[in-house]
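Report on the structure given below.
There are 4 protein chains.
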Amino acid sequence: MSKVIDYAEVQKHKSKESCWVILYGNVWDVTDFLPNHPGGANIILKLAGKDATEEYDPIHPPGTLEDNLPESARIGPINPQTLPEPVKAAKDVGPEPDSQIELPLGALLNLNEVEAAGKKKMSKKGWAYYYSAADDLASKHFNNSVYRQILLRPRVFVDCRDCDLSTTFLGHKLEIPIFVSPAAMARLAHPDGEWGIAQACKKFGTIQMISNNASMTPEQIVKDAGPGQVFGWQLYVQTERKKSEDMLGRINKLDAIKFICLTLDAPVPGKREEDERSKYVVEDTSQAIKDAGGAELKGGGGIGQSLFFGTDPTLTWTETLPWLKKHTNKPIILKGLQCHEDAYLASHHTDQVKGIILSNHGGRAADTAPPAIHTLLEIRKYCPEVLTKLDVVVDGGIKRGTDVVKALALGAKAVGIGRGALFGLAAGGIEGVERVLEILRDETATAARLLGVPKMSDLSPLHINTRAVERDIYDGPANLPGIEGAMKGLWVKAKL
Amino acid sequence: MSKVIDYAEVQKHKSKESCWVILYGNVWDVTDFLPNHPGGANIILKLAGKDATEEYDPIHPPGTLEDNLPESARIGPINPQTLPEPVKAAKDVGPEPDSQIELPLGALLNLNEVEAAGKKKMSKKGWAYYYSAADDLASKHFNNSVYRQILLRPRVFVDCRDCDLSTTFLGHKLEIPIFVSPAAMARLAHPDGEWGIAQACKKFGTIQMISNNASMTPEQIVKDAGPGQVFGWQLYVQTERKKSEDMLGRINKLDAIKFICLTLDAPVPGKREEDERSKYVVEDTSQAIKDAGGAELKGGGGIGQSLFFGTDPTLTWTETLPWLKKHTNKPIILKGLQCHEDAYLASHHTDQVKGIILSNHGGRAADTAPPAIHTLLEIRKYCPEVLTKLDVVVDGGIKRGTDVVKALALGAKAVGIGRGALFGLAAGGIEGVERVLEILRDETATAARLLGVPKMSDLSPLHINTRAVERDIYDGPANLPGIEGAMKGLWVKAKL
Amino acid sequence: MSKVIDYAEVQKHKSKESCWVILYGNVWDVTDFLPNHPGGANIILKLAGKDATEEYDPIHPPGTLEDNLPESARIGPINPQTLPEPVKAAKDVGPEPDSQIELPLGALLNLNEVEAAGKKKMSKKGWAYYYSAADDLASKHFNNSVYRQILLRPRVFVDCRDCDLSTTFLGHKLEIPIFVSPAAMARLAHPDGEWGIAQACKKFGTIQMISNNASMTPEQIVKDAGPGQVFGWQLYVQTERKKSEDMLGRINKLDAIKFICLTLDAPVPGKREEDERSKYVVEDTSQAIKDAGGAELKGGGGIGQSLFFGTDPTLTWTETLPWLKKHTNKPIILKGLQCHEDAYLASHHTDQVKGIILSNHGGRAADTAPPAIHTLLEIRKYCPEVLTKLDVVVDGGIKRGTDVVKALALGAKAVGIGRGALFGLAAGGIEGVERVLEILRDETATAARLLGVPKMSDLSPLHINTRAVERDIYDGPANLPGIEGAMKGLWVKAKL
Amino acid sequence: MSKVIDYAEVQKHKSKESCWVILYGNVWDVTDFLPNHPGGANIILKLAGKDATEEYDPIHPPGTLEDNLPESARIGPINPQTLPEPVKAAKDVGPEPDSQIELPLGALLNLNEVEAAGKKKMSKKGWAYYYSAADDLASKHFNNSVYRQILLRPRVFVDCRDCDLSTTFLGHKLEIPIFVSPAAMARLAHPDGEWGIAQACKKFGTIQMISNNASMTPEQIVKDAGPGQVFGWQLYVQTERKKSEDMLGRINKLDAIKFICLTLDAPVPGKREEDERSKYVVEDTSQAIKDAGGAELKGGGGIGQSLFFGTDPTLTWTETLPWLKKHTNKPIILKGLQCHEDAYLASHHTDQVKGIILSNHGGRAADTAPPAIHTLLEIRKYCPEVLTKLDVVVDGGIKRGTDVVKALALGAKAVGIGRGALFGLAAGGIEGVERVLEILRDETATAARLLGVPKMSDLSPLHINTRAVERDIYDGPANLPGIEGAMKGLWVKAKL
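Chains as they are written, first to last, in the UniProt record's numbering: chain F, 1 to 496; chain W, 1 to 496; chain L, 1 to 496; chain V, 1 to 496.
In structure tokens form, the structure reads like this:
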């Protein structure tokens with residue numbers, strides 16, 4: 001029979017190397033069990049050297065101890081006289097945690113929490129630039145809420161032990177169906193900037209599209225690219241075409257950049273009031289401008305307006321695409337298509353146009369523009385062949401793994417995140433971006449497995465119920481200027 | 001003529017045995033009338049020995065007194081000089097009742113109030129485990145709000161003096177159409193745990209389905225089963241099949257357990273952030289883990305995650321059902337079907353599968369999964385024969401008797417409650433669970449009688465207006481993998 | 001030329017008999033103009049004897065003075081030295097008006113303000129009884145919001161100088177299309193009780209339906225009836241039929257009561273938690289009941305429950321109607337029909353049943369029962385002949401004159417108010433009820449004239465857009481028990 | 001090599017004439033660059049004479065400086081010893097800006113902010129008159145929110161360097177598709193009154209419709225009209241026709257007034273409670289009226305009620321139009337049509353009726369009247385020929401440039417603003433109105449260019465998705481009194 005143990009002796013065994021706990025009056029050595037505990041080792045380590053009965057009891061049925069530990073693990077009975085006063089119940093542990101305390105990245109459970117953590121670390125001006133969207137933020141909010149309108153249709157009795165999250169885009173493999181959309185000025189969030197985002201993408205095996213307005217040069221961003229790491233480069237065509245041509249010359253020399261992403265959804269800047277207002281908040285309380293002879297500012301003009309300086313608003317199918325093809329041999333993708341007609345037109349330029357991004361520019365261009373999901377449903381309804389001719393991806397509003405599987409179920413090859421990556425960068429640099437990708441990866445895998453879908457290509461419209469969205473989709477005539485006979489309900493193929 | 005009475009004399013008659021009150025200047029002996037008072041005896045007893053005129057007058061028309069009491073009950077006129085100062089009007093009685101004061105169970109009028117009372121008595125951790133649901137709680141909330149979208153169609157001129165609430169499930173009679181769904185870890189709420197729930201179910205003549213993750217053993221839970229009391233036992237198949245087989249061996253020996261409930265809607269754990277967060281709230285403010293050499297926790301993992309350890313995510317129609325049939329002769333019900341296709345497939349295994357539970361796991365698995373009412377309406381629309389081949393029940397979101405009659409009107413045999421029973425247990429142990437069942441029983445009877453429905457089997461879709469829900473039901477092609485020709489609007493029977 | 005006037009002289013003319021004001025430096029005698037002022041006389045009287053320029057100027061174009069007053073009204077220029085300091089601008093007049101101050105009845109602009117004023121004057125218990133409705137108040141709120149879902153279609157170029165608000169019910173003329181529905185316990189609001197409501201109805205030429213649970217006897221209520229004043233009497237049939245028969249005997253003798261209103265929508269009491277809770281608030285904080293030997297109260301039971309004691313829940317078409325006809329020769333109307341089928345059945349008893357009230361009992365019976373507007377639209381869709389065979393009226397949720405015209409446009413002869421009258425009574429006795437009827441009368445006239453409708457019988461479905469409501473109307477098969485072949489979309493006439 | 005510069009020297013160059021900044025340790029002369037800075041000159045001037053590195057760095061990629069400034073602009077390295085303590089980061093600059101501080105007009109970014117600024121400067125009474133609308137403000141709010149229900153359909157690859165915002169109305173050219181609707185009592189906002197609005201309209205090349213209840217005479221308002229400036233004059237026909245005829249006589253003589261706008265949507269005043277309540281707030285706290293012998297006020301009656309005095313509610317197609325034609329030769333437009341039937345009827349009087357304004361009087365007449373967009377969609381659906389026979393414009397609820405392009409896409413020639421102009425006037429007199437027009441002009445241009453629309457006449461229903469609104473449009477029979485056979489779904493042409 002085992003001898004009685006003093007509490008002081010138990011207190012000596014509080015590490016991974018030797019871990020004792022008291023349960024129901026007995027001392028147990030749980031060192032070997034630590035890696036097998038369903039609830040994880042840490043929850044035991046926290047109670048190491050103490051009486052764990054109060055925490056253990058209500059969540060373990062009788063017999064659990066005996067089923068999982070050999071009798072040899074029982075060191076012996078505790079000497080009750082040596083025990084300290086009982087620990088208070090969990091509900092009495094203390095006040096609510098201080099919301100000012102900075103949580104570790106691992107404690108940020110979803111993209112909203114990452115955004116909140118990032119906001120605390122940023123300048124008001126930087127936050128305003130990232131957060132802002134056009135006018136009343138209607139499209140920004142709709143981008144997200146439209147996913148809430150779609151219901152999942154989980155299937156049972158499907159083996160989903162493994163879930164392969166990989167997908168492809170332009171022939172490149174992505175380990176996860178989530179890429180980073182071009183988003184400007186990453187160094188407003190963190191000194192690691194776009195280079196930092198690249199490191200996180202490398203780790204997660206996915207694509208980063210570099211903003212034309214990156215706060216670092218493309219060369220800096222790709223300099224530590226891993227083998228096989230894929231980048232795209234976003235182009236805002238400049239009115240001074242020479243500037244764009246020079247830039248394309250630099251890009252053409254960078255092997256890691258595999259394609260050019262031509263942005264079309266913002267020929268002129270949208271009105272981002274939060275961004276414009278930050279100008280007033282930060283600057284105009286001073287007398288400085290007047291002293292310097294400057295005129296009164298009118299109508300704001302934050303960072304967003306500044307970045308558009310020089311952007312060419314005259315792009316056309318007939319002029320711009322041939323010009324671009326002349327200056328690069330890399331595949332081209334078109335970003336910012338917002339109706340099925342433009343997707344249909346794009347599908348007639350597959351000599352060099354290989355993909356499209358359905359996007360309303362994160363709600364930052366035309367407010368009340370449709371979310372990408374609307375455009376995707378339009379394409380499915382009126383010209384589904386586009387989905388086979390081009391690689392179609394979407395961005396805007398993605399916050400959950402369920403959003404990802406919904407977009408893929410409708411035919412998207414992958415989804416892009418913009419603000420998500422930037423707020424991750426703000427919250428914790430490279431590790432912050434990694435945390436964002438990790439959250440979305442895990443949520444996507446969980447969503448897919450709960451749907452009974454073992455790999456991304458198995459997702460189909462059968463897995464979701466889009467009825468609430470479909471009744472809001474455009475159902476007027478197709479808008480193909482110059483094409484005769486376009487009628488409601490009758491798709492007329494354009495001659496191109 | 002009767003003599004004048006002093007107030008001191010009236011004050012002596014303040015009990016059930018002798019109860020006098022003063023009304024309009026006369027003293028009345030209402031002892032015999034107490035059991036017949038429409039408003040109940042207590043309301044009179046409260047005023048016993050006092051002048052009740054101010055409370056009595058505005059709610060009784062003249063003549064009421066004379067109609068209900070014999071003249072002999074009139075003792076005589078009160079002596080006005082002996083009366084104390086008048087009691088203040090009800091509205092002046094005092095401050096709002098203190099919300100911190102614990103109300104008696106009888107004063108909890110609905111399930112929301114029971115939940116609030118239970119929350120006050122629980123640890124934060126336990127509450128978080130019960131309350132939590134997947135991601136943004138969209139499905140959890142939709143489970144309830146979908147009932148609000150359905151309107152009742154009350155009929156008049158129907159004799160509903162009696163209302164028979166009984167129903168059947170798998171041939172067993174239930175006194176009320178409300179059973180307790182499998183829900184884990186009841187001892188987080190109260191030491192009586194699952195055994196306590198069993199005692200309440202016994203009293204109300206209904207079924208308890210015992211969670212695979214109960215905090216007590218099945219033997220403990222059923223040990224005080226009444227004659228004819230029916231239990232089910234929920235199975236999460238373990239990767240180590242031997243463990244499940246041993247458990248089934250134990251269950252097979254328990255006569256009170258009449259069927260096995262195989263859970264299918266959570267092959268992997270959903271992401272329950274409230275639960276995961278509680279881990280940080282309660283634990284990580286200490287330095288303990290780091291001191292013990294533990295790594296930083298990532299992504300939470302509350303009680304919910306722990307319980308899933310060892311659960312097998314590879315179940316299939318072809319492998320798992322035959323295996324299960326080999327290890328038990330008890331009838332099987334499948335829990336967690338969320339689309340009509342799976343219900344249809346289940347209806348082809350009626351050799352041992354006798355029922356199904358339409359459930360999205362209380363919103364705790366895939367967020368934005370449909371509420372059971374959606375699945376039930378899908379079945380009615382596309383494969384109504386399922387309702388005759390199998391006993392179909394639903395759970396998730398039930399808070400009112402009107403919810404119960406709506407589910408039954410659509411063909412459900414009964415409805416399950418999970419959190420409701422647990423919060424009842426937290427609020428008051430066995431009596432708390434009884435109060436929950438009592439509330440739902442009384443509300444269900446009231447709803448049925450107001451509909452003009454004297455017994456549960458009379459409920460039909462004619463009694464409700466589901467139009468607002470029906471327009472959101474899935475209307476794409478049936479998803480029966482391997483079946484040719486599945487088309488929208490045309491149900492193709494699968495060959496099985 | 002007129003002489004200069006001193007301010008002291010002007011100050012002497014501040015009454016209706018002699019009213020001077022200063023405008024733009026001149027003193028004007030506006031006594032004769034007072035009754036013609038578009039803005040009313042009072043607004044001038046308030047400024048009588050003072051310099052009114054600051055208030056007058058911004059809302060009168062130049063020339064207004066000269067156009068409206070004869071030169072003889074100009075007394076002469078003011079002596080500026082005699083003027084006091086200028087009055088402050090309106091926006092500086094002082095603090096916000098104190099919300100605690102009791103407003104005069106005339107300052108209560110709509111039914112919500114009357115309700116708020118009434119609430120302040122009532123006991124908590126009385127307010128809870130009036131305010132309460134079943135369960136979650138879903139039907140109570142829907143009763144009102146459904147009117148917001150209907151749009152008006154105003155017509156232009158219609159002469160609507162006169163607007164005749166009169167209507168008829170059972171052959172009786174109502175001066176306004178708004179009657180008082182049976183509502184219990186008016187003396188909880190004010191000592192004038194139901195008699196007080198009768199006085200207001202007399203003044204406005206409309207019908208009062210007396211509640212079976214009135215806090216005064218029918219004889220008291222009708223005792224001051226005007227010539228031609230019309231009452232109805234509501235019957236809750238008692239299980240002890242003799243009691244109802246005796247009561248009918250009394251009613252039959254009262255000539256002013258022209259019809260019997262048989263209530264059918266509350267065979268058992270709904271669950272009115274606000275009412276039941278008030279019992280605890282007011283009573284259970286005392287030790288009295290326990291001291292008196294009373295048991296613990298369970299599940300509340302407020303005033304509402306008490307009133308139902310003895311009500312017969314076994315009424316049927318075949319038994320109850322013949323019984324009632326035997327005991328009265330007065331016309332019968334049926335209250336509480338909530339689906340078109342019951343309205344259809346009622347239209348086959350026109351020998352003595354002359355009208356129906358579409359009502360869900362003010363949301364106080366079955367929660368999520370449909371608003372009367374739903375039932376009315378069902379009738380229009382499936383059995384419009386009911387509207388010609390019976391006089392159909394509605395109640396529940398009426399708060400605005402636009403609500404009144406919408407109900408009438410759909411075929412209702414009139415609309416009833418219940419709580420509105422009671423809260424008016426609470427706010428100001430007879431004058432309070434009058435104010436409620438006055439508000440609704442004026443709003444109804446305004447709505448009708450803005451629609452281009454000079455009399456109530458001109459209102460038709462062409463004047464409103466009900467499309468948003470129609471898509472929620474029940475569209476399943478008709479529910480006529482015992483009738484063969486009832487099918488969705490095909491109305492099958494019942495043989496009766 | 002350049003010499004080291006002291007901070008004191010840099011400090012001398014802080015003006016447009018000579019502007020130096022320190023970047024990365026070097027002093028640069030950016031005077032010549034000021035006009036070319038994409039972010040505007042002011043943002044540099046603010047930092048003139050200081051170290052700008054902290055603000056500059058995160059938003060400019062490396063190389064930007066070298067690309068944009070010649071080497072000659074580099075004055076030399078700063079002497080670090082002479083630098084003051086570093087400026088704090090933007091996020092630390094100080095507290096939130098004081099919401100009480102009056103912002104410059106240029107800092108007001110949208111119409112809501114202009115309204116808020118205007119409110120602060122107005123009397124409560126004036127604000128209440130402008131802000132108020134009928135009953136519960138349902139139509140007022142719906143007027144705006146209906147635009148949010150419409151989605152844009154932006155097109156890509158369209159040259160939109162130039163965007164021509166001009167439109168026409170009755171043959172007159174408007175530089176912007178936004179005019180000022182007739183709105184009364186502008187001097188409640190600002191002493192410049194309607195004349196001030198006229199000056200802003202002159203500057204922006206658009207039409208002002210002068211209210212019949214303007215606080216200035218028409219002669220005053222138009223007296224500084226520019227060459228070609230166009231005014232309309234709104235007529236409320238008076239019961240004393242002579243008064244209207246005299247007024248028309250004056251209007252006929254004013255050449256700048258090009259048309260008469262006959263108001264039809266308010267034959268009687270709506271119930272504007274905010275306006276009526278302001279009467280009590282400002283006035284009735286005094287004892288003055290009672291002292292003067294005035295009766296108690298009943299039912300309010302604010303400015304709105306006053307203005308309607310004398311208005312004729314008996315207008316008809318057959319009497320009023322001929323009368324009006326007799327008294328003016330100017331073209332007539334009809335204001336306040338709210339259903340397609342009346343628009344259809346109007347299109348049969350094109351001898352002198354040249355246009356219509358779809359309007360519900362800013363929500364100030366019949367509450368729950370439809371927004372103009374409903375009426376416009378009705379016209380498109382049932383009688384689209386009206387759009388070619390008449391110039392159709394809309395008002396009510398316009399707050400954004402996207403609202404403007406949506407109305408124009410559906411066929412409106414222009415849109416009117418009422419409250420917007422008045423609140424602009426309140427916020428800053430003439431400049432305030434200009435700011436409102438400037439905001440809407442710029443937003444409209446941005447919206448059009450983002451749609452890929454280079455001129456207003458290119459806008460068509462193809463550019464918007466109105467599906468969510470269309471399902472709420474009236475679809476009952478046409479309401480043409482006296483016309484036989486009007487049926488749902490079949491438009492029957494009226495014989496006129």
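From the three backbone atoms N, C-alpha and C, an ideal C-beta is built for every residue, glycine too.
Kindly say whether residue i, judged by its beta-carbon, lies nearer than 7 Å to any beta-carbon of chain V.
i	result
PRO58 (chain L)	yes
With a cut-off of 7 Å, does the C-beta of residue i fall near any C-beta of chain L?
i	result
MET185 (chain V)	yes
ASP472 (chain V)	yes
CYS339 (chain V)	yes
Spell out whether any CB of chain F is found under 7 Å from the CB atom of residue i.
i	result
ASN465 (chain V)	yes
PHE157 (chain V)	yes
PRO331 (chain V)	no
LEU151 (chain V)	yes
LEU188 (chain W)	yes
Please determine, among the options, the residue with the shortest C-alpha to C-alpha distance to residue i.
i	options	result
ILE59 (chain V)	F:LEU390, F:ASP312, F:LEU235 and F:GLY302	F:GLY302
GLY25 (chain V)	V:ASP57, V:SER18 and V:LYS14	V:ASP57
ILE78 (chain F)	F:LYS354, F:LEU165 and F:GLN11	F:GLN11
residue 579 (chain W)	W:LEU188, W:VAL222 and W:ASN112	For chain W, the structure presents residues 1 to 496; residue 579 (chain W) sits outside this window and is missing.
Using DSSP bridges, identify the partner residues of residue i.
i	result
GLY232 (chain V)	V:MET209 and V:PHE259
For this session: Quick one: which unbroken alpha helix (DSSP H) runs of 4-plus residues sit fully inside the segment 319-365 of chain L? Chain order, please.
Result: 320-327 and 340-346
Problem set entry | Every unbroken alpha helix (DSSP H) inside the segment 123-196 of chain V [4 residues or more] | 124-131 and 138-148
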